[in-house]
Amino acid sequence: MRDNHPPAMESTVATTYSPEYLAESRTSVLTAFYAIPIALEILSTAFRLWVKARPSSKSPLTFDDYLIVWATISAVAECIAGLVYGAPNGLGRHIQVVSADSLSMFLMGDYIFSHFYDVAIASTKLSILALYYRIFETTRFRAAVIATAVFVAAWLVSIEVALGLGCRPLQGWWDAEAQAAGACVDKVAFTYATNSINLATDIWIFLMPIPIILGLQASMDRRIGLCFLFSVGLGTCGISAARLSVIVGVGSTDVTWYEVSLGILSAWEPCGGILCANLPVVYRVLVHGFEQIKSAAARSSRSRSVAVGSGDAGDNNRRPDSQSPLYPDWTRLNHSGASDTTSQVSPKISAGGRPAEEASELDTFGNSIIMVERTFKQDFGRRK
1 MRDNHPPAME
11 STVATTYSPE
21 YLAESRTSVL
31 TAFYAIPIAL
41 EILSTAFRLW
51 VKARPSSKSP
61 LTFDDYLIVW
71 ATISAVAECI
81 AGLVYGAPNG
91 LGRHIQVVSA
101 DSLSMFLMGD
111 YIFSHFYDVA
121 IASTKLSILA
131 LYYRIFETTR
141 FRAAVIATAV
151 FVAAWLVSIE
161 VALGLGCRPL
171 QGWWDAEAQA
181 AGACVDKVAF
191 TYATNSINLA
201 TDIWIFLMPI
211 PIILGLQASM
221 DRRIGLCFLF
231 SVGLGTCGIS
241 AARLSVIVGV
251 GSTDVTWYEV
261 SLGILSAWEP
271 CGGILCANLP
281 VVYRVLVHGF
291 EQIKSAAARS
301 SRSRSVAVGS
311 GDAGDNNRRP
321 DSQSPLYPDW
331 TRLNHSGASD
341 TTSQVSPKIS
351 AGGRPAEEAS
361 ELDTFGNSII
371 MVERTFKQDF
381 GRRK
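Residue 80 in UniProt numbering sits at position 80 of the sequence shown; the count goes up by one each step and never skips.
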């Protein structure tokens, strides 16, 4: 949301600003950075759905998949709103060359853009939380997931209510005359507050599974790899922080020029979140594909080699080393606190007819998604 500023009068334009200044334009950059996320979001989510729906997959579509589809639709709609209402109505040009009608259209588009942005951000968070709930079955962790999801939903509802009631009349969001005749919230302060909460929530969500992963009985390389996989979304927090700094720094009356950065970051933040949310689902398929390409390239190079007996030809068909950081074997990771952990995965029956102690495991769900077995239990109360 942005402050409304009337364009300068024509006489001021003619006497104050040079032709070079008035000719400056950032519309090409703006258009490119609104268009690229559309392709990335659609391709990423489509690949996720293909991974889940392919014949070799044993995993049906789940609630987190539907949420990420909704997030993708909202993020794409956000970028389309930016393309339709942004550059064609003066965004990327100095406000002195933007007409009053164009400025009003741009601000109305910004209002629409804000709705799609909020829904895309919240839906992505909820999709990640739904994934956490599905793959981690520890009671306290699931309670934390539910509480966080309720908070995210409340955050979205509060923002939508504020967007609907923040200006009376509603046209005050984009019409300077309506704003002057009515009353509006402090738009910069409101945006700063809501986005500060957004950033804090992002950090919390992406750090949530780290304690559980670090508690697994596995090599440090594997635990670090899993931590990276589930917390890679912290990179998106960098975009959120950059966007927040732009909001704080916005104070110029040249709103259509200086808020290009805010618009671009607002388009890329949901895109980054969607890519990070899809990564745990498509990771194994991506790595397997890269390994096949690498193996094929190695075989091709070997076939052109004139050396004899340089190595066993079967090496190229060998599965990558499970210890390799490029293809870590996440399929079995034991919890470090074995005495505090029980598992009922394929239980071995002892002579007395009671299940023998089993290790917790991270299993591959549908050969595509890293998944904690649904019967994973952990007594956090006995941990120090």
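By construction, the Cβ of each residue, glycine as well, lies at the ideal position given by its N, Cα and C atoms.
Check	Outcome
Residue environment, residue 398, which counts as buried when at least 16 other CB atoms sit within 10 Å	Missing from the structure shown is residue 398; the chain here goes from 1 to 384 and no further.
Classification of E259 by the beta-carbon crowding that lies within 10 angstroms, buried from 16 upward	buried
V76 burial status per 10 Å Cβ neighbour count (16 or more: buried)	buried
Candidates F33, I197, S196 and I210, of which the one nearest V232 by Cα	I210
CA-to-CA distance, I224 to W330, given in whole angstroms	Legend: pLDDT at W330 = 38, less than 50; position of this residue unreliable, value from coordinates given subsequently. One C-alpha to the other measures close to 11 Å.
Residue span of the alpha helix (DSSP H) that contains E20, given as start and end	P19 to A23
Bridge-paired residues (DSSP) for C184	C167
C-alpha gap between F106 and T256, whole angstroms	8 Å
DSSP three-state assignment for residue 406, whether helix, strand or coil	In the structure as shown, the chain starts at 1 and stops at 384, and residue 406 therefore has no counterpart that could be examined.
Spatial neighbours of K125 in its chain, beta-carbon cut-off 7 Å, leaving aside the 5 residues before and after	V152, T201 and I205
CA-to-CA distance, S102 to T138, given in whole angstroms	54 Å
Within 8 Å, strictly: CB atoms of L30 and G86	yes
Contacting residues, own chain, Cβ-Cβ under 6 Å from Y34 (five flanking each side not counted)	C79, G82, L83 and A267
Minimum C-alpha distance to C184 - residue among G166, C237, T253 and S18	G166
Helix, strand or coil at R26 [DSSP, three-state]	coil
Same chain, Cβ closer than 8 Å to P325, neighbours up to 5 away in sequence not counted	For P325, the predicted structure reports a pLDDT of 42, less than 50, and the residue's modelled location is therefore unreliable. A value from the coordinates is still provided. Cβ within range, chain order: D221 and G225.
Given 8 Å, three or more beta-carbon pairs between the stretch 106-115 and the stretch 143-157	no
Supposed close pair I36, S127 - CB separation, criterion 8 Å	Actually they do not touch by this definition, with Cβ atoms about 22 Å apart.
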